[in-house]
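Undergrad: Before I ask anything, here is the structure I am working with.
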Amino acid sequence: MRILGIESSCDETAASIVEDGERLLSNVVNSQIDIHAEYGGVIPEIAARSHLEVVNPVIKKALSDANCTWDDIDAISVTYAPGLIGSLLIGTLAARTLAIIHNKPLFKIHHVEAHVYANFINKQSDNLSLTLPKQQPSFPMLSLIVSGGHSQLVLFKNHGDYQLIGQTQDDAVGEAFDKVAKIIGLPYPGGPAIAKAAELGDPHAFHLPIAKLSGEYDFSFSGLKTAVLRAVQHEVGKDFTFPSRELPALVDDELRRNMAASFQYTAIKTLVNKTKKAFDNFQPASVVIAGGVAANQELRRQLREALPIDIEYAPIQLCTDNAAMIATLGYFRSQIDEPTDPYDLEVQPSLSMTAI
Ligand code: KG4
Ligand code: ZN
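Rendered as structure tokens:
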């Protein structure tokens, strides 16, 4: 069964074709990072306009890269939640229209749940060369979902049968990377920039706090971000009233690298401590990492140290936003759900995974 996935929830317009929820046939991602970098973050109106301009060419390319015509496609799946409303509307409208014109079943997909399904892609067509996991994860599966908008620990008993066991009480971890990058004068998106700067820094140069929370598996990152801000103000000889936007000009390379390394070490430690606790308690058969922050090498290093089982990782291209994960989850959903009426599908910008 071949599914065309369409993703447009934030600042990537993407389309992909996946066979039987495991074999990647094409993976087209048009990123708007360059457009938004100038503003230091995603501007919703600009994002929606850009999706509108490229959504059709991106879908066409996904079909041609996979050597498929519409006759080869069995169903369409599309992100309908959560995300920026204008961005979600473009992708869903495209998917609904195509489902009607080509008479294909349509499946609505939750973006955060889909991030986990990047880990189910373990085969690819000959013209692709990603480093993929050798096998699909088995259930029960503990998943750490870490992106710009989400930080959650979810236990999957089976496809579509899961339980949210912990989440951030304030900022998402990717958001904390992005905010700290701004404070120390690194470009957007902050995650990759901090990871790179941290390679040359000392992770123990600054002792930053790990928040203590009542929820056993919950996270918090806003105190860590404030601790970084205060430490940087102190290092450059200013007090807490000094505006953060004026800090980058005063931060030298050594401070930037050491703060990047110390922040990254602590943020990742926060995630790994809770993941280890959940692992010990629930004894899952597999652990998977999903979302943009899953690309972080320090996260992989600390997890290797903390957990007694080996983790297989999805390639970085499938960790950040993409449509292959939407097509993959589309397949598994098609096995348990009825298709959605393309005339009725509405977007749900703030639907959390608990509410499905
Ligand atoms: O999953 P994603 O592409 O989009 C959302 O659904 O949010 O995640 C984007 C987030 C950004 O906050 C970015 O800074 C972060 O993932 N990120 C990283 C790395 N690569 C991307 N964070 C830490 N280390 C990385 N290597
Ligand atoms: Zn995402």
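Each number in this note's numbering corresponds to the 1-based position in the sequence shown with 11 added. C-beta: ideal position from N, C-alpha, C; glycine also.
1. Is I367 helix, strand or coil when you go by DSSP?
2. Less than 7 Å separating the Cβ of E316 from some heavy atom of ligand 1?
3. Whole angstroms are fine: how far does the CA of V40 sit from the CA of S140?
4. I'd like to check one pair, S98 with A59: are the Cβ atoms closer than 8 Å?
5. Does ligand 1 have even one heavy atom less than 7 Å from the beta-carbon of H126?
6. Quick check on the DSSP output: what are the complete beta strand (DSSP E) runs of length 3 or more inside the stretch 147-197, in order along the chain?
7. Could you name the residues of the same chain whose beta carbon sits closer than 6 Å to that of I279, not counting the 5 residues immediately before and after it, in chain order?
8. Tell me where the alpha helix (DSSP H) around N38 begins and ends.
9. Could you please give the first and the last residue of the uninterrupted beta strand (DSSP E) stretch that includes V298?
10. Please state whether DSSP places K285 in a helix, a strand or coil.
11. Below 8 Å CB to CB, which residues in the same chain sit around F230 once its five sequence neighbours on both sides are set aside?
12. Nearest to Q147 by alpha carbon, out of I132, N138 and L153?
13. Hey, would you say the C-beta of H62 is under 7 Å away from at least one heavy atom of ligand 2?
14. Please state whether DSSP places L15 in a helix, a strand or coil.
15. So which residues put a beta carbon under 5 Å from any heavy atom of ligand 2, going in chain order?
16. Whose CA, out of L329, I320, L318 and K288, lies closest to the CA of A301?
17. Below 8 Å between beta carbons: does that hold for F217 and S273?
18. Any beta-carbon of chain D closer than 8 Å to the one on A129?
19. Using three-state DSSP, classify E23 as helix, strand or coil.
20. Examine the Cβ distances between the stretch 289-304 and the stretch 260-272 and report whether three or more of them are shorter than 8 Å.
21. Could you give the distance in angstroms between the alpha-carbon of N78 and the alpha-carbon of L35?
22. Just to check my reading of the structure: G201 and D189 have Cβ atoms closer than 8 Å, yes? What is that Cβ distance to the nearest angstrom?
23. If the criterion is Cβ atoms closer than 8 Å, does the pair P360 and A125 meet it?
24. Between Y276 and S20, what straight-line distance do the alpha-carbon atoms span, to the nearest angstrom?
25. Helix, strand or coil for E210? Go by DSSP, reduced to three states.
26. What number of angstroms, rounded off, separates the C-alpha of I367 from the C-alpha of S297?
27. Pull up the CB-CB distance for G171 and I14, whole angstroms please, since I reckon it's below 8 Å.
28. Ordered along the chain, which non-local residues of its own chain (more than five positions away) have a Cβ less than 6 Å from that of A110?
29. To the nearest angstrom, how far is it from the Cα of E23 to the Cα of A334?
30. Measure the alpha-carbon distance for I320 versus I156 and round it to whole angstroms.
31. Rounded to the nearest angstrom, how far is the Cβ of E18 from that of A25, given a contact under 8 Å?
32. Quick check: the Cα distance between V165 and G248, rounded to an integer number of angstroms?
33. I need the boundaries of the beta strand (DSSP E) containing K119, first residue and last residue.
34. Below 7 Å CB to CB, which residues in the same chain sit around A208 once its five sequence neighbours on both sides are set aside?
TA: Put simply:
1. Counting from 1 along the sequence shown, the entry for residue 367 is found at position 356. For I367, the pLDDT reaches just 49, beneath the cut-off of 50, and the residue's location in the model is therefore unreliable, although a value from the coordinates is still provided. Three-state result, I367: coil.
2. Sequence index remark: in the sequence shown, residue 316 carries index 305 (1-based). Answer for E316: no, Cβ out of range of ligand 1.
3. The residue given as residue 140 occupies position 129 in the sequence shown. The residue given as residue 40 occupies position 29 in the sequence shown. Roughly 16 Å between the two C-alpha positions.
4. Working through the sequence shown from its first residue, we reach residue 59 at position 48. Working through the sequence shown from its first residue, we reach residue 98 at position 87. Cβ atoms of A59 and S98: closer than 8 Å.
5. Locating residue 126 in the sequence shown gives position 115, counting from the first residue. Within the cutoff, so yes.
6. 152-157, 162-169 and 172-178
7. As a first step, residue 279 is located in the sequence shown; it is residue number 268 there, counting from the start. The residues are E309, L310 and Q313.
8. Sequence index remark: in the sequence shown, residue 38 carries index 27 (1-based). Note, N38: premise wrong, no alpha helix (DSSP H); beta strand (DSSP E) at R34 to S42.
9. As a first step, residue 298 must be located in the sequence shown, where it is residue number 287. Taken as a continuous stretch (DSSP letters only), the beta strand (DSSP E) holding V298 covers S297 to A301.
10. Reading the sequence shown from its first residue, position 274 is the one you call residue 285. It is helical.
11. Stepping through the sequence shown from its first residue, residue 230 is reached at position 219. The residues are S162, G177, Q178, T179, Q180, V184, A222, L224, T281, L282 and K285.
12. Sequence index remark: in the sequence shown, residue 147 carries index 136 (1-based). Closest by alpha carbon: I132.
13. Sequence index remark: in the sequence shown, residue 62 carries index 51 (1-based). Outside the cutoff, so no.
14. In the sequence shown, counting from the first residue as 1, residue 15 sits at position 4. In this structure, L15 counts as strand in the three-state DSSP scheme.
15. S158 and D332
16. Locating residue 301 in the sequence shown gives position 290, where the first residue counts as 1. Comparing Cα-Cα distances from A301 to each of L329, I320, L318 and K288, the minimum goes to L329.
17. Stepping through the sequence shown from its first residue, residue 217 is reached at position 206. Stepping through the sequence shown from its first residue, residue 273 is reached at position 262. Closer than 8 Å, so yes.
18. In the structure shown, chain D cannot be found, because there is only a single protein chain.
19. For the purposes of this step, residue 23 is taken as the residue at position 12 of the sequence shown. The answer is strand: DSSP assigns E23 an E or B state.
20. no
21. Within the sequence shown, residue 78 is the residue found at index 67, counting from 1. Within the sequence shown, residue 35 is the residue found at index 24, counting from 1. Each residue's alpha carbon lies about 12 Å from the other.
22. The count along the sequence shown starts at 1 and reaches residue 201 at position 190. The count along the sequence shown starts at 1 and reaches residue 189 at position 178. Their Cβ separation, rounded to whole angstroms, is 4 Å, which keeps G201 and D189 in contact under 8 Å.
23. As a first step, residue 360 is located in the sequence shown; it is residue number 349 there, counting from the start. As a first step, residue 125 is located in the sequence shown; it is residue number 114 there, counting from the start. No, they are not a contact pair.
24. By one-based count along the sequence shown, residue 276 stands at place 265. By one-based count along the sequence shown, residue 20 stands at place 9. If you take the alpha carbons of Y276 and S20, they lie about 29 Å apart.
25. In the sequence shown, counting from the first residue as 1, residue 210 sits at position 199. Of the three classes helix, strand and coil, the one that applies to E210 here is coil, per DSSP.
26. Counting from 1 along the sequence shown, the entry for residue 367 is found at position 356. Counting from 1 along the sequence shown, the entry for residue 297 is found at position 286. Its pLDDT being 49, under 50, I367 is placed unreliably in this model, and the value from its coordinates should be taken loosely. Each residue's Cα considered, the two are about 23 Å apart.
27. Here residue 171 is taken as the residue at index 160 of the sequence shown, counted from 1. Here residue 14 is taken as the residue at index 3 of the sequence shown, counted from 1. Their Cβ separation, rounded to whole angstroms, is 16 Å, which puts G171 and I14 out of contact at 8 Å.
28. By 1-based counting over the sequence shown, the position of residue 110 is 99. Counting only Cβ-Cβ distances below 6 Å, and skipping sequence neighbours, we find I87, L117 and P353.
29. Sequence index remark: in the sequence shown, residue 23 carries index 12 (1-based). Sequence index remark: in the sequence shown, residue 334 carries index 323 (1-based). Each residue's Cα considered, the two are about 9 Å apart.
30. Translated into the one-based positions of the sequence shown, residue 320 becomes position 309. Translated into the one-based positions of the sequence shown, residue 156 becomes position 145. Rounded to the nearest angstrom, the two C-alpha atoms are 18 Å apart.
31. Within the sequence shown, residue 18 is the residue found at index 7, counting from 1. Within the sequence shown, residue 25 is the residue found at index 14, counting from 1. Yes, E18 and A25 are in contact; Cβ-Cβ is about 4 Å, under 8 Å.
32. Here residue 165 refers to the residue found at position 154 when the sequence shown is read from its first residue. Here residue 248 refers to the residue found at position 237 when the sequence shown is read from its first residue. Their backbone Cα atoms lie some 43 Å apart in a straight line.
33. Residue 119 sits at position 108 when you count from the first residue of the sequence shown. That run of the beta strand (DSSP E) goes L117 to H121.
34. Against the sequence shown, residue 208 aligns to sequence position 197. Here the set comprises L197, R267, R268 and A271.
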